[in-house]
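Since the structure comes first, as structure tokens, the remarks are kept for the end.
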Amino acid sequence: MQFFSSDFKLGILGGGQLGKMMLYETRKWDIQTKVMDASPEAPCKIACNEFVQGSLMDFDTVYAFGKDVDLLTIEIENVNVDALEKLEHIGKTVYPPTKTLRTIQNKAVQKLFYTDHGIPTAPFTRFAYTSEIEDSINNGGLSLPFVWKSAQFGYDGQGVKVVRKMEDLKELPNVECIAEKMIDFKNELAVVVARNSKGEVKTYPVVEMEFHPEANQVEYVICPARIDDAVAKKAQEVALKVSEHMKHVGLLAVEMFQTKDDQILVNESAPRPHNSGHYSIEAAYTNQFEQHIRAILGLPLGKTDSKVAGIMVNLVGAEGHTGDVVYENIEKILEMDGVTPHIYGKKQTRPFRKMGHVTIVDENMARAREVAQQVKETIKVISK
């Protein structure tokens, strides 16, 4: 099939920043795109050939959208999988396949998938409702503290809570969930695996993530991770095993814990471009968004090595600021060597909302980390 400068139409469900960055690549290659998002202000709107405003969870809307494209992909997992399944039945190509999406969409199903396939993960208990947890604690089936995770619709620190005392349960929604053993870990790592529709597979280098203590959001992504080669090798092997069993097409970001005794435990996976791969835009030979497009179109995968050390800093809305966004001191960070800001195009800021990211590249990792700290302390996402 001819993809470039042709009638071929790629559909993308979700119009957020991941979609917007995917569109940089489709525009580079002159691939026609049609995007759907619920928001009329979606960042993708300015960059696609056709934009449709509609609910990603509505069966009829998703089905009608999918019928009009040649190949369908996602930039967010919260989409109507029944509609995608019906599209597959009528011969439409959907990547990642709906089977992969069904597994990943529900955190309880995802965790069971790991245990069923011998993939190391933290011990957990599955509950139909949060209200069942109290009984389990009282009967000795579960002990505090643990990590509560909503089975569905959690993202970026939403739907995840550390439960240290019984009172913490009162604030939680009464939904299907899991209670996961708290892991005393040394590092949080991630590996992005690319798999094309012909079965070719490549992994990106292992990255290390530093988290914001309150918001449960990634503050820094550091590539390469500052870990032993043996640990890095183990992390890549585990990620490849997840990829092999998931049978995804496109990207799969596998987030993991490195325990105190250097075991690797899978935390969760996402079948799309991912925050942990943003560094690749400036630091890698093939950035993750181009790689996703290559993979779903069945094209040869690009080189995944880094050219230089890369660090990504998330730009999130400052606390106490809601309204029209202002990027304070952006000129100051532009004066720094190797610094590239990416602004997602969300006009309204609110506390901890992801508004952009900044990539810092340098031959020297220690220097890149110092500059990343300066960037973090300098630029502020505030409201007018």
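For the sequence shown, UniProt numbering assigns the number 1 to the initial residue and increments by one for each residue that follows.
Glycine included, every Cβ here is placed at the ideal spot set by N, Cα and C.
Since this is a predicted model, take the numbers as computed values, not measurements.
Between which residues of its own chain and Phe-352 is the CB-CB distance below 7 Å, once the five residues before and five after are set aside?
Ala-215, Gln-217, Val-316 and Gly-317
Three or more beta-carbon pairs under 8 Å between the segment 83–102 and the segment 219–235, yes or no?
no
Option in Leu-10, Gly-310, Leu-189 and Ser-280 with minimal Cα separation from Asp-70
Leu-10
May I have a chain-ordered list of the alpha helix (DSSP H) segments no shorter than 4 residues that lie completely inside the segment 312–367?
330–334
For Gly-19, the three-state DSSP class (helix, strand or coil):
helix
Does the distance from the CB of Gly-15 to the CB of Lys-45 come in under 8 Å?
yes
Let me check one thing: in DSSP terms, what residues is Asp-37 bridge-paired to?
Gln-53
Can you tell which of Ala-38, Glu-25, Asp-60 and Tyr-63 has its C-alpha closest to the C-alpha of Cys-48?
Glu-25
Between the segment 288–299 and the segment 354–364, do three or more beta carbon pairs fall short of 8 Å?
no
What's the C-alpha gap between Asp-324 and Gln-348?
5 Å
As a quick exercise: from Ile-137, Glu-132 and Tyr-204, pick the residue whose alpha carbon is nearest that of Pro-173.
Glu-132
Which residues does DSSP pair with Ile-12 in a beta bridge?
Val-35 and Thr-73
Which residue comes first and which comes last in the alpha helix (DSSP H) that contains Lys-380?
Unbroken run through Lys-380 is the beta strand (DSSP E), 380–383; no alpha helix (DSSP H).
According to DSSP, simplified to helix, strand and coil, what is Asn-187?
strand
Quick one: grab the DSSP three-state call for Leu-265.
strand
Run through the DSSP bridge pairs and tell me what Cys-177 is partnered with.
Phe-127 and Ser-150
Any chance you could list the beta strand (DSSP E) runs of at least 3 consecutive residues sitting entirely within the segment 263–297, in chain order?
264–270
Report, in whole angstroms, the separation of the C-beta atoms of Ile-222 and Val-207, which I expect to be a contact under 8 Å.
6 Å
Go to Ile-90, then tell me how far its beta strand (DSSP E) extends in each direction, as first and last residue.
Where Ile-90 is concerned, there is no enclosing beta strand (DSSP E), given that its DSSP letter is neither H nor E.
Can the beta-carbon of Val-175 be found closer than 8 Å to that of Leu-252?
no
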